[in-house]
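Inspection log for the structure reproduced underneath, given as structure tokens.
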Amino acid sequence: MNMLDKRTKIVATLGPASDKPETLLELLKAGVNVFRLNFSHSNPDAAKATVERIHAARAAMKMPVAIMADIKGPAVRMYGYAKALPIEAGCRLKIQSRPSEGLEALVSPDPYTVYTNLPDLDSLCAIGQRILLMDGYFAGSVVARDRDEITVEIGNPGELRPKAHLTIPNVDYPIPFLSDKDISDITFAVESEVEYIALSFVRNATDIEEVRRLIGRVRIPSGRKPAVKLIAKIESAKGLAAADEIVKAADGIMVARGDMGVEIAIETVPIAQKKLIRTGYLEAKPVITATQMLESMIESPMPTRAEASDVANACFDSTSAVMLSGETAIGRYPVKVVETMSAIIRAVEAEFDYENFHDDLPPAARTGELPSVVSYNALSVAYEVGAKGLVVLTETGHAAQLLSRLRPRMPIFAFTKEESVYNQLAMNWGVYPFMLAGPEESMDALVAETLESCKYAGVLQKGDIAVFVAGLPLSRRGTTNMIRVESVG
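By our numbering, the letter at position 181 of the sequence shown is numbered 505, and the numbering carries on one by one without gaps.
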């Protein structure tokens, strides 16, 4: 597909259905911008080969692609069974607390006795306590307790997937934010120089700070300083209550609706989604909307109408990216589902009222620090002169993100000398990254180089007007103070 076909980015989870060299290429052609590695179902040994395949695919396609390592975090899951467990309504399931070490390898001798990494299970539950399994697909209640064990009577039939989530509503779990596995996975991700790390069940800004300290202690084989960015997954009642501080502390957020939907009232999830998306983009940080977006396409070549509307509404809300999980990891139609999501995005963006969005932005996006003022006014100029593109010169990516949060009608061409920034910006709404090739330092030389690159890529044509945004002097990081209008020669 043409690189300018859509502004909203697509995150695709890799798994058995998609983690093949030829499939990665097809997914990129279909519209994927970010590949997600789910460490709830993976480990560094398996992920190493996947990272190498992604590197090869993005090099072959000559396009920016971000890699996001999604860390398990303090998730409570169930173990002891390797295949889906058939459940009948009224079935009684024993759940036992077991130490985390070696838990994934344990096999229960009784199919209806399973294990969990949550300690002191009996002390956390009273008789009658509501229990939710597999992101709320199964609901039941505690009917018996024993030492480190509860018995749950399940109220509905279905198949319980391996490693399904266990949720005890309104209960604080006595487990640390980072397990030994999480520390190992984060260390691997930093050493592998992936672009993003997604952190599960973030409760407050302190959780983000703990991971930043860990990253600061990691030594990368290349000798470069860690440049990885952190995505905070907001999926608990605690995280939602602390959303403002989490957004400020993280580099982006994920609206993880699966666990959120069992932690808070289901009817409030759409409201939380809208508020989180707005909070994120106003802070100039990417927001990923995730979970069950096109879930029926795990088995079906077509989504439901409700799923299509769900994706469309997230785009109308101005989410930065939409995410596919099981659809691309284990589904039958991984490429088809990305093509479908891309088509929905394009349809929405053809109807989006960009100028009205710009006019209705709150004062915080128009005033304040100089870079914000310059970005807002650069877009105003672009609308006035009929510009075909915004060209931004950036070292850290922040200048491009300031433009991205304004959701402009025209594309944002972000030029950088940093390869990590080049791939990270693939996550950001409406941003199309380019690498600066030459050593030129003068503004005139950079303008000439960027316009030539855009013309060569076919994204700008002779006679098109482009509005430049940059910082002077060029050698100073974090400065955005210049607007310049140019015509492509």
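By construction, the Cβ of each residue, glycine as well, lies at the ideal position given by its N, Cα and C atoms.
Hey, would you say residue 774 sits closer than 7 Å to residue 723, going by beta carbons? no
Problem - Span separating the alpha-carbon of residue 570 from that of residue 348 - result: For residue 570 and residue 348, the gap between their C-alpha atoms comes out near 32 Å.
DSSP beta-bridge partners for residue 714? According to DSSP, residue 714 shares a beta bridge with 736, 791.
Self-check item: Residue from 611, 502, 454, 404 with nearest C-alpha to residue 434
Solution: 404
Worksheet item: Residue ranges of each beta strand (DSSP E) run of no fewer than 3 residues wholly in the segment 509 to 594, ordered along the chain?
Response: 520 to 523, 553 to 558, 576 to 580
Open item on the list: When you compare the segment 328 to 340 with the segment 645 to 662, are there three or more beta-carbon pairs, one atom per stretch, that lie closer than 8 Å?
Closed with: The segment 328 to 340 vs the segment 645 to 662: in contact.
Rounded straight-line distance, which links the Cα of residue 747 to that of residue 572:
22 Å
* Taking just the CA atoms, how far does residue 450 sit from residue 351? -> 47 Å
(request) Assign residue 629 to one of three DSSP states: helix, strand, or coil. (result) helix
- Query: Is the Cβ-Cβ distance between residue 599 and residue 641 less than 7 Å?
  - Reply: no
Residue range of the beta strand (DSSP E) that residue 475 falls in? 473 to 478
Exercise. Where DSSP assigns a beta bridge to residue 756, which residues make up the other side?
Worked result: Paired residues: 737.
Ends of the alpha helix (DSSP H) at residue 420? No alpha helix (DSSP H) contains residue 420, which is instead part of the beta strand (DSSP E) from 416 to 421.
- Going straight from the alpha carbon of residue 810 to that of residue 711, what length do you get? 9 Å
Item to check | Residue from 343, 371, 327 whose Cα sits closest to the Cα of residue 355 | outcome: 327
Task: Residues that DSSP places opposite residue 451 in a beta bridge - done: According to DSSP, residue pairing for residue 451 in a beta bridge does not occur.
- Message: For residue 729, which residues in the same chain have their Cβ closer than 7 Å to its Cβ, ignoring the five residues on either side in sequence?
- Response: 605, 606, 608, 689
Cut-off 8 Å between Cβ atoms - residues of its own chain near residue 345, not counting five sequence neighbours on either side = 377, 380, 381
What whole-angstrom Cβ distance do residue 771 and residue 792 have, given they're in contact under 8 Å? 6 Å
Item to check | Residues near residue 471 in its chain [Cβ-Cβ closer than 8 Å; skip 5 each side] | outcome: 446
Given a cut-off of 7 Å on the beta-carbon distance, is the pair residue 522 and residue 584 in contact? no
At which residues does the alpha helix (DSSP H) containing residue 650 begin and terminate? 650 to 653
Query raised in the report: Would residue 431 be called buried (16 or more neighbouring beta carbons within 10 Å of its own) or exposed?
Result: exposed
Check: So what's residue 604 in DSSP terms, helix, strand or just coil?
Finding: helix
What's the gap between the Cα of residue 393 and the Cα of residue 520?
6 Å
- Going by the CB atoms, is the gap between residue 330 and residue 868 shorter than 7 Å? For the chain, the structure presents residues 325 to 813; residue 868 sits outside this window and is missing.
Exercise. Give every residue of the same chain whose Cβ lies closer than 7 Å to the Cβ of residue 615, excluding the five residues on either side of it in the sequence, and list them in chain order.
Key: 580, 581, 582, 649
**Asked** From what residue to what residue does the alpha helix (DSSP H) around residue 497 run?
**Response** Looking at the DSSP string, residue 497 is not in any alpha helix (DSSP H), and its letter there is neither H nor E.
- Hey, how far is the Cα of residue 685 from the Cα of residue 594? 21 Å
Coarse secondary structure for residue 750, derived from DSSP in three states:
helix
Q.
Can you list, in chain order, the residues of its chain with a C-beta nearer than 6 Å to that of residue 715? Leave out the 5 residues immediately preceding and following it.
A. 737, 774, 790, 792
inquiry  = I want to know whether the segment 471 to 487 touches the segment 450 to 460 - three or more CB-CB distances under 8 Å.
reply    = yes
**Asked** Which residue comes first and which comes last in the beta strand (DSSP E) that contains residue 362?
**Response** 358 to 362
* Report yes or no: is there a C-beta of chain D within less than 7 Å of the C-beta of residue 559? => Among the protein chains of the structure shown there is no chain D, as only one such chain exists.
Check your understanding: Taking the DSSP output, what are the residues bridged to residue 439?
Key -> 403, 420
Exercise. When you compare only the Cα positions, how much space is there between residue 666 and residue 758?
Worked result: 22 Å
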